[in-house]
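Contents: one structure, followed by commentary.
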Amino acid sequence: MQNVIVFGSNSTIARSVIDKLALERCNFYLFAREKSQLELQINDLKVKYPDINVSADAYDALVDTGEILNGKIKQAFDQLGRVDLVFIAHGNLPNQSACEENWQDANSALKVNGLSIIEICHNVAKRLKEQQQGTIAVISSVAGERGRQSNYVYGTAKGMINIYLQGLRNSLYPHNVHVLTIMPGFVDTKMTTEFKKGLLWAKPEKVANDIVKAIHAKKNVIYTPWFWRIIMRIIKLIPENKFKKMKL
Amino acid sequence: MIEQYSWGRIKASKPAQIDFPSANYSFLQRELQYLAKGNLRSYGDEAYNDNGIILNTLHLDHFIHFDRANGVLELESGVLLEQILNLIVPCGWFLPVTPGTKYITVGGAVANDVHGKNHHKVGSFGCFVDSFTLLRSDGLIYQCSRELNSHYFYATIGGMGLTGIILRVKLNLLTVNNHAIVTKAYKFRNLEHYMELNAELERQSTYTVAWIDCLASGRSLGRGVYYTGEHAGYLERLPAINYNKRTFPFTPTKSLINGLTLKAFNTLYYNRPVAKSPQLVHYDPFFYPLDKLLNWNRIYGRKGFYQYQCVIPNAASDAMREILRRISISGNGSFLAVLKTFGSISSGGMMSFPRPGLALALDFANRGNSTLDLFRSLDDIVLTHGGAIYAAKDATQSREVFEAGYPQLNEFIKYIDPLFSSNLWRRLYGN
Ligand SMILES: Cc1cc2nc3c(=O)[nH]c(=O)nc-3n(C[C@H](O)[C@H](O)[C@H](O)COP(=O)(O)OP(=O)(O)OC[C@H]3O[C@@H](n4cnc5c(N)ncnc54)[C@H](O)[C@@H]3O)c2cc1C
Numbered sequence: 004m005q006n007v008i009v010f011g012s013n014s015t016i017a018r019s020v021i022d023k024l025a026l027e028r029c030n031f032y033l034f035a036r037e038k039s040q041l042e043l044q045i046n047d048l049k050v051k052y053p054d055i056n057v058s059a060d061a062y063d064a065l066v067d068t069g070e071i072l073n074g075k076i077k078q079a080f081d082q083l084g085r086v087d088l089v090f091i092a093h094g095n096l097p098n099q100s101a102c103e104e105n106w107q108d109a110n111s112a113l114k115v116n117g118l119s120i121i122e123i124c125h126n127v128a129k130r131l132k133e134q135q136q137g138t139i140a141v142i143s144s145v146a147g148e149r150g151r152q153s154n155y156v157y158g159t160a161k162g163m164i165n166i167y168l169q170g171l172r173n174s175l176y177p178h179n180v181h182v183l184t185i186m187p188g189f190v191d192t193k194m195t196t197e198f199k200k201g202l203l204w205a206k207p208e209k210v211a212n213d214i215v216k217a218i219h220a221k222k223n224v225i226y227t228p229w230f231w232r233i234i235m236r237i238i239k240l241i242p243e244n245k246f247k248k249m250k251l
Numbered sequence: 077m078i079e080q081y082s083w084g085r086i087k088a089s090k091p092a093q094i095d096f097p098s099a100n101y102s103f104l105q106r107e108l109q110y111l112a113k114g115n116l117r118s119y120g121d122e123a124y125n126d127n128g129i130i131l132n133t134l135h136l137d138h139f140i141h142f143d144r145a146n147g148v149l150e151l152e153s154g155v156l157l158e159q160i161l162n163l164i165v166p167c168g169w170f171l172p173v174t175p176g177t178k179y180i181t182v183g184g185a186v187a188n189d190v191h192g193k194n195h196h197k198v199g200s201f202g203c204f205v206d207s208f209t210l211l212r213s214d215g216l217i218y219q220c221s222r223e224l225n226s227h228y229f230y231a232t233i234g235g236m237g238l239t240g241i242i243l244r245v246k247l248n249l250l251t252v253n254n255h256a257i258v259t260k261a262y263k264f265r266n267l268e269h270y271m272e273l274n275a276e277l278e279r280q281s282t283y284t285v286a287w288i289d290c291l292a293s294g295r296s297l298g299r300g301v302y303y304t305g306e307h308a309g310y311l312e313r314l315p316a317i318n319y320n321k322r323t324f325p326f327t328p329t330k331s332l333i334n335g336l337t338l339k340a341f342n343t344l345y346y347n348r349p350v351a352k353s354p355q356l357v358h359y360d361p362f363f364y365p366l367d368k369l370l371n372w373n374r375i376y377g378r379k380g381f382y383q384y385q386c387v388i389p390n391a392a393s394d395a396m397r398e399i400l401r402r403i404s405i406s407g408n409g410s411f412l413a414v415l416k417t418f419g420s421i422s423s424g425g426m427m428s429f430p431r432p433g434l435a436l437a438l439d440f441a442n443r444g445n446s447t448l449d450l451f452r453s454l455d456d457i458v459l460t461h462g463g464a465i466y467a468a469k470d471a472t473q474s475r476e477v478f479e480a481g482y483p484q485l486n487e488f489i490k491y492i493d494p495l496f497s498s499n500l501w502r503r504l505y506g507n
């Protein structure tokens with residue numbers, strides 16, 4: 004890895020992944036929603052890793068689509084030259100009951116956590132295909148594997164990404180472009196600060212470690228921490244007849 | 077339901093809400109009370125704000141600027157000391173003052189004006205704070221230093237989070253050759269012997285601290301082991317860090333610390349062989365022996381534990397003997413107790429705990445009233461001899477003891493932010 008684009012660079016997991024890649028001396032082009040946060044992040048990286056290059060641009064998943072997004076991504080590719088990795092980590096945890104009340108909330112949750120990610124993939128896939136090399140790594144979620152009453156709007160967006168990435172992986176394979184789907188379980192981040200943390204909760208550094216390893220090893224789908232693979236296998240095995248009566 | 081536990085785990089706090097502060101944070105809910113929290117390494121109720129808003133600073137974790145030539149570091153208040161050390165030590169710098177754990181935030185270090193093993197030589201953390209920015213509920217950000225807004229500067233250093241939220245801090249660092257410490261250990265037979273040894277070693281050594289066996293009594297009252305340390309000079313080969321971190325995996329229903337385990341541990345500790353010659357070690361086990369076992373606070377079980385830390389003015393070493401005697405009789409004490417003398421260099425913090433004298437810190441499993449009764453009798457001694465109790469460790473002191481221990485309290489109160497409060501403050505002063 005040498006040149007890396009990150010979407011949602013200021014998320015807890017992304018920051019930890021960036022730290023690990025910076026130790027490998029990668030250069031970065033960062034996208035995050037808030038300009039002030041991006042400035043902080045650039046300063047922080049400059050202090051910690053004085054000899055890497057970091058550029059950045061603000062990006063809002065709800066606003067920056069179509070030509071605007073295309074322009075921003077083009078700028079990143081032009082600046083970095085060849086791109087080795089596009090890491091997509093933006094998203095938010097919508098409030099399920101608010102989504103049930105207001106279509107607006109559901110709509111924007113689906114856009115931020117689903118459609119916007121697909122649009123970025125669509126855009127960078129073309130460019131990486133031209134390069135005939137590179138990796139796209141996307142943070143999805145175990146929530147995308149089965150719809151549950153507590154967060155199925157979020158789950159729907161993530162489910163959509165999972166299927167899209169399967170197809171993309173398949174279609175980019177002949178072009179030497181790799182696609183990684185990342186399935187984290189519960190991670191102790193800013194997004195989940197108000198949740199009570201139990202045994203299943205993982206630290207972002209652990210998750211970031213798994214992600215960087217998987218990128219290097221060209222894994223297709225990873226669960227992090229690993230035990231979520233087993234948990235999800237069991238959850239997917241429950242017959243729908245039973246599942247619909249459960250409170251999950 | 078949100079719950080938070082401070083290090084002593086005596087009782088959970090239930091804030092109404094947790095927010096993420098930023099430079100443009102707005103204090104909208106003016107009917108609630110605000111309080112910043114760092115990494116919750118304070119022991120009692122100082123970082124608690126039941127039914128109020130907790131401002132979690134752990135995501136204020138960016139470095140802003142590092143002047144590698146002059147050792148000046150500017151950073152956000154939620155950065156942990158551990159992260160600072162990882163950055164600066166390879167560049168030949170060190171924290172000029174560090175407490176016994178590196179898992180605290182810079183904001184927490186300022187808010188308690190923490191002290192280290194070198195207090196007698198250099199003073200407390202606040203002495204090395206060049207400046208900081210303070211966000212108050214009027215929505216303004218105050219630049220604070222010894223020259224600018226100096227009243228807020230001195231009120232906030234040691235100010236227990238009550239003056240607003242510290243956003244950024246500029247620190248002066250200490251230059252070192254490498255990560256190694258040269259340490260030496262000395263046994264002392266009792267408190268008198270400690271005083272003798274200390275008088276001599278304190279003059280020579282940068283870092284000093286003593287572990288004492290708080291169960292020993294009679295002629296052995298206050299026996300223990302004294303450690304000194306210096307940053308190593310130039311070395312060709314450096315000591316490696318030689319341990320793995322372990323996590324205490326669960327919270328037992330009952331405390332694993334009882335009369336039997338305690339006696340055995342303290343006796344073994346005092347009698348273990350102590351190297352006669354200086355040892356070269358990595359700074360980590362020297363400064364942070366307890367960090368080796370993450371979450372060790374859980375061994376005290378579901379009821380949690382208290383730490384009692386007081387300082388007694390130099391003239392009153394008899395008072396310290398009496399304190400040790402009562403703890404020894406109670407049989408209630410903890411694993412090792414820590415004894416350390418503070419020097420006279422002050423950061424100027426109005427509410428800073430360190431002051432010239434003899435400081436004792438030790439843990440007590442929470443045994444309900446019997447523990448509280450013991451504290452009350454110790455408090456009495458502290459009160460009569462002009463000592464003070466450390467707010468970072470406190471959960472029980474009375475208003476009377478507090479007021480006697482902090483003579484600049486009335487000045488400090490003027491600078492408390494009207495929307496900020498904590499469980500500690502409400503315990504002492506009501507709403
Ligand atoms: C194993 C161990 C060893 C220790 N050894 C020492 C020692 O040797 N010397 C010593 O002095 N202390 C020692 N302590 C105590 C510790 O250093 C202090 O309690 C420290 O303040 C904890 O920092 P924190 O980030 O965890 O803050 P918290 O415990 O979360 O908060 C402590 C206080 O700081 C305030 N605060 C935190 N961040 C901010 C901010 N950004 N703005 C405004 N206020 C803020 C809070 O409101 C609260 O009042 C030790 C603690 C442990 C657990």
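In order, the protein sequences belong to chains S and Z.
Position one of the first sequence corresponds to residue 4 (the numbering used here), numbered consecutively onward.
Position one of the second sequence corresponds to residue 77 (the numbering used here), numbered consecutively onward.
We put the beta carbon where it would ideally sit given N, CA and C, even for glycine.
For residue i, report the span of its beta strand (DSSP E) as first-last.
i                 : result
Gln40 of chain S  : It is not in any beta strand (DSSP E) - Gln40 of chain S instead sits in the alpha helix (DSSP H) that spans Lys38 to Lys51.
Ser23 of chain Z  : Missing from the structure shown is residue 23 of chain Z; chain Z here goes from 77 to 507 and no further.
Glu158 of chain Z : It is not in any beta strand (DSSP E) - Glu158 of chain Z instead sits in the alpha helix (DSSP H) that spans Leu157 to Ile164.
Val141 of chain S : Gly137 to Ile142
Leu220 of chain Z : In the sequence on display, residue 220 of chain Z carries Cys and not Leu. Where Cys220 of chain Z is concerned, the enclosing beta strand (DSSP E) stretches over Ile217 to Ser221.
Tyr262 of chain Z : Ala256 to Phe264
Phe80 of chain S  : Phe80 of chain S -> not in any beta strand (DSSP E); alpha helix (DSSP H) instead, spanning Gly69 to Leu83.
Phe418 of chain Z : Ala413 to Phe418
Among all the DSSP beta bridges, which residues are the ones paired with residue i?
i                 : result
Met186 of chain S : S:Tyr226
Ser60 of chain S  : The amino acid at residue 60 of chain S is misidentified as Ser; the sequence shows Asp. Answer by DSSP bridge pairing, in chain order: S:Phe34.
Trp169 of chain Z : Z:Thr251
Thr327 of chain Z : Beta-bridge pairing links Thr327 of chain Z to no other residue.
Ser89 of chain Z  : Z:Gln80
Cys386 of chain Z : Z:Leu436 and Z:Ile465
Gly305 of chain Z : Z:Thr259 and Z:Tyr283
Val89 of chain S  : S:Ile8 and S:Ile139
Glu122 of chain Z : DSSP, once it has assigned bridges, lists no residue as partnering Glu122 of chain Z.
Asn132 of chain Z : Z:Lys113
Within the continuous alpha helix (DSSP H) that includes residue i, where are the two ends?
i                 : result
Phe363 of chain Z : Tyr359 to Phe363
Ile21 of chain S  : Thr15 to Leu26
Gln169 of chain S : Tyr155 to Leu175
Glu122 of chain S : Ser119 to Gln134
His195 of chain Z : His195 to Val198
Lys239 of chain S : Trp231 to Leu240
Leu450 of chain Z : Asn445 to Thr460
Lys490 of chain Z : Run containing Lys490 of chain Z: none; DSSP gives neither H nor E here.
Compute the minimum distance between the beta carbon of residue i and the heavy atoms of ligand 3, and state whether it is under 7 Å.
i                 : result
Gly202 of chain Z : Ligand 3 is not among the ligands present in this structure, which contains only ligand 1.
**Asked** On the three-pair Cβ rule with 8 Å, is the stretch 117-133 of chain Z touching the stretch 34-44 of chain S?
**Response** No: fewer than three Cβ pairs fall under 8 Å.
**Asked** Any residues in the stretch 45-71 of chain S with a beta carbon nearer than 7 Å to a beta carbon of chain Z? Which ones, in chain order?
**Response** Correct list: Asn46, Asp47, Val50 and Lys51.
**Message:** So, does the stretch 353-361 of chain Z touch the stretch 255-263 of chain Z, judging by three or more C-beta pairs under 8 Å?
**Reply:** Touching, yes, given that three or more Cβ pairs across the two stretches are closer than 8 Å.
**Prompt:** Within the chosen definition, does the stretch 161-179 of chain Z reach the stretch 220-230 of chain Z through at least 3 CB pairs nearer than 8 Å?
**Reply:** Taking a contact to require three or more Cβ pairs closer than 8 Å, the stretch 161-179 of chain Z and the stretch 220-230 of chain Z do not qualify as touching.
**Item:** Inter-stretch contact at 8 Å, needing at least 3 Cβ pairs: the stretch 136-152 of chain S / the stretch 105-113 of chain S
**Value:** Verdict: no, contact absent.
**Asked** With contact counted as at least three CB pairs below 8 Å, one residue from each stretch, are the stretch 114-121 of chain S and the stretch 55-71 of chain S in contact?
**Response** Output reads yes: the stretch 55-71 of chain S touches the stretch 114-121 of chain S.
**Message:** Short of 7 Å Cβ to Cβ, which residues in the stretch 160-191 of chain Z face chain S?
**Reply:** Listed by position along the chain: Leu163.
**Request:** Determine contact between the stretch 263-275 of chain Z and the stretch 141-153 of chain Z, defined as no fewer than three beta-carbon pairs at a distance below 8 Å.
**Result:** Touching, no.
**Message:** For the stretch 81-98 of chain S, list every residue whose C-beta sits within 9 Å of some C-beta in chain Z, in sequence order.
**Reply:** Contact annotation: in the stretch 81-98 of chain S, no residue has its CB less than 9 Å from a CB in chain Z.
**Asked** Is the stretch 164-173 of chain S close to the stretch 118-136 of chain S, with three or more CB pairs under 8 Å?
**Response** Short answer: they touch.
**Request:** Determine, using beta-carbon pairs with one atom in the stretch 199-208 of chain Z and one in the stretch 431-440 of chain Z, whether at least three such pairs fall under 8 Å.
**Result:** Output reads no: the stretch 431-440 of chain Z does not touch the stretch 199-208 of chain Z.
**Message:** Under 8 Å, with one C-beta from each stretch per pair, do the stretch 305-314 of chain Z and the stretch 280-295 of chain Z reach the 3-pair mark?
**Reply:** Flag = yes, the stretch 305-314 of chain Z and the stretch 280-295 of chain Z touch.
**Item:** Near-chain S residues of the stretch 226-249 of chain Z (beta-carbon distance less than 7 Å), N- to C-terminal order
**Value:** Taking 7 Å as the Cβ-Cβ cut-off against chain S, none of the residues of the stretch 226-249 of chain Z qualify.
**Message:** Please identify, using Cβ separations under 7 Å, the residues of the stretch 129-161 of chain Z that lie next to chain S, in order along the chain.
**Reply:** So the list reads Asn132, His135, His138, Phe139, Ile140, His141 and Phe142, given in the order they occur along the chain.
**Request:** With 7 Å as the C-beta to C-beta threshold (strictly closer), list the residues of the stretch 85-96 of chain Z near chain S in chain order.
**Result:** Listed by position, the residues of the stretch 85-96 of chain Z near chain S (Cβ gap below 7 Å) are Ile94 and Phe96.
**Message:** Between the stretch 239-249 of chain Z and the stretch 439-456 of chain Z, can you find at least three pairs of beta-carbon atoms closer than 8 Å?
**Reply:** Contact between the stretch 439-456 of chain Z and the stretch 239-249 of chain Z is absent, with fewer than three C-beta pairs closer than 8 Å.
**Message:** Under 8 Å: do the stretch 419-433 of chain Z and the stretch 286-303 of chain Z share three or more Cβ pairs, one atom per stretch?
**Reply:** By the Cβ criterion, the stretch 419-433 of chain Z is not in contact with the stretch 286-303 of chain Z, since fewer than three pairs of Cβ atoms, one from each stretch, lie closer than 8 Å.
**Request:** Select from the stretch 268-296 of chain Z all residues with a C-beta closer than 8 Å to any C-beta belonging to chain S, and list them in chain order.
**Result:** For the stretch 268-296 of chain Z, there are no residues whose beta carbon sits under 8 Å from a beta carbon of chain S.
**Asked** Are the stretch 148-156 of chain Z and the stretch 179-188 of chain Z touching by the rule of at least three beta carbon pairs closer than 8 Å?
**Response** Result yes; three or more Cβ-Cβ pairs closer than 8 Å.
**Three-pair Cβ contact test at 8 Å for the stretch 158-169 of chain Z versus the stretch 114-123 of chain Z** = Taking a cut-off of 8 Å on C-beta distances, the stretch 158-169 of chain Z does not touch the stretch 114-123 of chain Z, as fewer than three cross pairs fall below it.
**Message:** Taking contact to mean 3 or more Cβ pairs, one atom from each stretch, closer than 8 Å, check whether the stretch 458-467 of chain Z and the stretch 380-387 of chain Z are in contact.
**Reply:** Short answer: they touch.
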